[in-house]
Amino acid sequence: MNVRLLEATENPEEVICRAARNDYMSAFNADMSFEETMATVDGDDVEAKKRTLIGHLLDHGHFGPFEHPYATFAVEGISRSCMAQLTRHRHVSFDVQSMRYVTLDDVDPADVEAGELAVVPPSASDPDWIGRNQRGGAVDEETVARRAAVFGRSIRRSVEAYRELLDLGMPPEDARFVLPIGTEVNVVMTMNARMLMHVADMRAAADSQWEIRALTERVLDLAAEWCPVTFDHYDEHVMGRKNRLAP
Ligand SMILES: Cc1cc2nc3c(=O)[nH]c(=O)nc-3n(C[C@H](O)[C@H](O)[C@H](O)COP(=O)(O)OP(=O)(O)OC[C@H]3O[C@@H](n4cnc5c(N)ncnc54)[C@H](O)[C@@H]3O)c2cc1C
């Protein structure tokens, strides 16, 4: 899995602060400098004032201003299972690599069994891995080696069947039905800072599946570089607490 920030609103925290301050001032905010906008907020300098205001907004559930800055992420190599979970979030905009057009021609069947093409879950190689609703607990090395073999063989057979169906003239949009749910897909997604925190509330939580949790943690790392005051405060004071961003 690879996650990169493609584009994002410049000066996102100035936008958040300007939007929030707009609510409580009679003057037209666009005519003011940022320093003037923040004049009555507590803090020795403008950075401290940003921390005061953003912390106050998050702590008091005033989330609207966080809807103004947007970020676009490119995600490479998540499973279609993870993609299905991710795309349940209705306020995120998505573009998903299409298997009506992309036919996996460059994938070498010899590599498929070793984990190319489909995401291999950690439970296929880690005997101590315990997942949700698992029958039984940890297993021995021999059992996990058998899991890995069955998993790899199953993926390879699916890909061979897929290729055979294409050779028999079946359209890619129909031949893809035999491919596994673990097949890798690339996604571009855009969301605002409020939605990003909401996705993190749900998907960085311990009861979320490992793959979408890993994806969300990478998105959060990038968000912390893009919008540092907001996501530092979110990480320290909001995430995992009761003050979540949506009921
Ligand atoms: C651990 C876990 C297990 C899950 N298991 C399942 C499962 O077994 N089956 C399944 O189908 N889904 C499952 N989901 C998905 C989950 O039910 C949600 O559909 C998904 O997480 C989207 O989040 P959301 O409901 O907050 O909506 P989002 O689309 O992210 O919307 C954000 C917020 O906007 C508001 N909102 C958006 N649309 C509406 C609307 N139409 N009406 C009212 N309010 C709205 C809500 O406050 C919502 O919380 C699971 C999620 C998690 C994290």
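Going by numbering that gives the first Met the number 0, the residue at position 174 of the sequence shown is 173; the numbering climbs one at a time, nothing skipped. Think of the CB as a built atom: it goes at the ideal place given N, C-alpha and C, for glycine as much as any other residue. Note that the structure is a prediction, hence the values are computed from the model and not measured.
Measure the alpha-carbon distance for residue i versus residue j and round it to whole angstroms.
{"i": "T102", "j": "S157", "result": "13 Å"}
{"i": "W209", "j": "F65", "result": "27 Å"}
{"i": "E154", "j": "V111", "result": "Here the sequence assigns Ile to residue 154, which means Glu is not the residue at that position. Between I154 and V111, the C-alpha separation is close to 7 Å."}
{"i": "F150", "j": "Y100", "result": "26 Å"}
{"i": "D127", "j": "G136", "result": "8 Å"}
{"i": "D58", "j": "E140", "result": "47 Å"}
{"i": "L5", "j": "V228", "result": "20 Å"}
{"i": "A18", "j": "M24", "result": "11 Å"}
{"i": "V143", "j": "G130", "result": "14 Å"}
{"i": "P246", "j": "M82", "result": "In this prediction, P246 scores a pLDDT of 40, lower than 50, which makes its location untrustworthy; the coordinate-derived value is nonetheless stated afterwards. Cα-Cα distance, rounded: 23 Å."}
{"i": "R146", "j": "P121", "result": "11 Å"}
{"i": "A192", "j": "E46", "result": "19 Å"}
{"i": "H55", "j": "D104", "result": "53 Å"}
{"i": "A148", "j": "V138", "result": "15 Å"}
{"i": "H61", "j": "M169", "result": "53 Å"}
{"i": "T215", "j": "Q96", "result": "19 Å"}
{"i": "M201", "j": "D30", "result": "39 Å"}
{"i": "I211", "j": "E75", "result": "13 Å"}
{"i": "G63", "j": "M194", "result": "10 Å"}
{"i": "D166", "j": "V106", "result": "15 Å"}
{"i": "A205", "j": "I53", "result": "26 Å"}
{"i": "D125", "j": "Q133", "result": "14 Å"}
{"i": "F27", "j": "Y233", "result": "29 Å"}
{"i": "D22", "j": "M98", "result": "47 Å"}
Please report the residue range of the alpha helix (DSSP H) in which residue i lies.
{"i": "G54", "result": "45-58"}
{"i": "L219", "result": "209-225"}
{"i": "S92", "result": "That residue, S92, is in no alpha helix (DSSP H); its beta strand (DSSP E) goes 92-95."}
{"i": "P171", "result": "171-174"}
{"i": "V158", "result": "140-166"}
{"i": "T86", "result": "Unbroken run through T86: none, as it is neither H nor E."}
{"i": "T39", "result": "Taken as a continuous stretch (DSSP letters only), T39 belongs to no alpha helix (DSSP H), as it is neither H nor E."}
Which same chain residues end up closer than 6 Å to residue i when comparing Cβ atoms and leaving out the 5 residues on each side of it in sequence?
{"i": "V187", "result": "A73, D94"}
{"i": "R283", "result": "No answer is possible for residue 283: it lies beyond the span of the chain, which begins at 0 and ends at 246."}
{"i": "M190", "result": "V91"}
{"i": "L178", "result": "S157, Y161"}
{"i": "F33", "result": "E13"}
{"i": "G42", "result": "K48, T51"}
Return the first residue and the last residue of the beta strand (DSSP E) that residue i is part of.
{"i": "V184", "result": "183-191"}
{"i": "E75", "result": "69-78"}
{"i": "E12", "result": "It is not in any beta strand (DSSP E) - E12 instead sits in the alpha helix (DSSP H) that spans 11-21."}
Between which residues of its own chain and residue i is the CB-CB distance below 7 Å, once the five residues before and five after are set aside?
{"i": "V14", "result": "T8, H67, P68"}
{"i": "A213", "result": "M0"}
{"i": "P11", "result": "P68, A192, W225, C226"}
{"i": "D231", "result": "A223"}
Could you please give me the residues that DSSP links to residue i through a beta bridge?
{"i": "L4", "result": "F72"}
{"i": "A117", "result": "T182"}
I'd like the list of long-range same chain contacts for residue i, defined as Cβ closer than 8 Å, with 5 residues on each side in sequence excluded.
{"i": "R217", "result": "M0, V2"}
{"i": "D173", "result": "L164"}
{"i": "L221", "result": "V2, R3, L4, A70, F72"}
Is the segment 115-122 in contact with the segment 180-194, if contact means three or more CB pairs nearer than 8 Å?
Three or more Cβ pairs drawn from the segment 115-122 and the segment 180-194 lie within less than 8 Å of each other, which places the two stretches in contact.
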